[in-house]
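Be aware that the sequence shown starts at 1, since it is given in my numbering, and climbs by one per residue. All C-beta atoms, glycine included, are put in the ideal place defined by N, C-alpha and C. Notes follow the structure.
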Amino acid sequence: MIARTAALAFATLAVALAGCSQADAGTTPPMDDQGRYVITMTSSLTFEPAKAKIPAGATVVWVNSASMPHDVAGYEGDPIKSDFSAFSSSDPPPQGLGALIPPGGSYNHTFTAKGPWTIWCHTHHEERMSGIITVT
1 MIARTAALAF ATLAVALAGC SQADAGTTPP MDDQGRYVIT MTSSLTFEPA KAKIPAGATV
61 VWVNSASMPH DVAGYEGDPI KSDFSAFSSS DPPPQGLGAL IPPGGSYNHT FTAKGPWTIW
121 CHTHHEERMS GIITVT
């Protein structure tokens with residue numbers, strides 16, 4: 001039930017953002033020394049940057065700079081029709097960590113297909129901790 005409610009909320013967000021132009025696709029996050037694009041999860045319950053663009057085949061690492069645990073999940077496609085791809089840091093290993101990302105911890109995911117991905121923190125979805133990654 002919770003997963004369906006979250007999927008409905010983010011499907012609504014995806015529809016609302018569908019009209020955004022490519023010019024609003026976001027900014028390219030900084031890269032770390034391993035060549036991963038870095039998105040920070042903050043104590044302000046945000047992803048920084050909240051709108052990011054990366055090339056296909058790139059890896060994003062989410063770094064928890066907050067004093068509280070976070071997680072990150074992403075959906076591409078239509079979760080209402082069950083026609084989507086998804087990932088979650090809370091998935092069991094080896095795909096996920098099997099737990100929340102602790103303060104100072106990180107999680108990475110490689111994006112192979114082009115298109116927009118809606119991301120959010122399940123732990124703070126009621127606070128609207130979400131973002132968009134556009135894979136070009």
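Can you give me the C-alpha to C-alpha distance between aspartate 83 and glutamate 76, rounded to a whole angstrom?
Rounded to whole angstroms, aspartate 83 to glutamate 76 spans 9 Å at the Cα level.
Given glutamine 22, which residues of its chain have a CB within under 7 Å of its CB, disregarding the five upstream and five downstream residues?
Here glutamine 22 scores only 47 on pLDDT, less than 50, and its place in the model should not be relied on; the value that follows carries that caveat. Around glutamine 22: no qualifying Cβ.
Can you give the Cα-Cα distance for glycine 57 and aspartate 32, rounded to whole angstroms?
Going by the C-alpha atoms only, they are around 16 Å apart.
Ignoring anything shorter than 3 residues or poking outside the stretch 30–71, list the beta strand (DSSP E) runs there in chain order.
Qualifying beta strand (DSSP E) stretches, in chain order: 37–41, 51–54, 59–64.
Tell me the DSSP secondary structure of threonine 123 in three-state form.
DSSP places threonine 123 in helix when its eight states are reduced to three.
Assign glycine 104 to one of two classes, buried (16 or more other C-beta atoms within 10 Å of its C-beta) or exposed (fewer than that).
Classification for glycine 104: exposed.
Can you tell me the Cα-Cα spacing of glutamate 127 and serine 44, whole angstroms?
When rounded, the distance between both Cα atoms is 10 Å.
Report the partner residues of threonine 118 according to the DSSP bridge assignment.
In DSSP, threonine 118 forms a bridge with Tyr75, Ile132.
Who does isoleucine 101 pair with in a DSSP beta bridge?
Note: isoleucine 101 sits in a beta bridge opposite His70.
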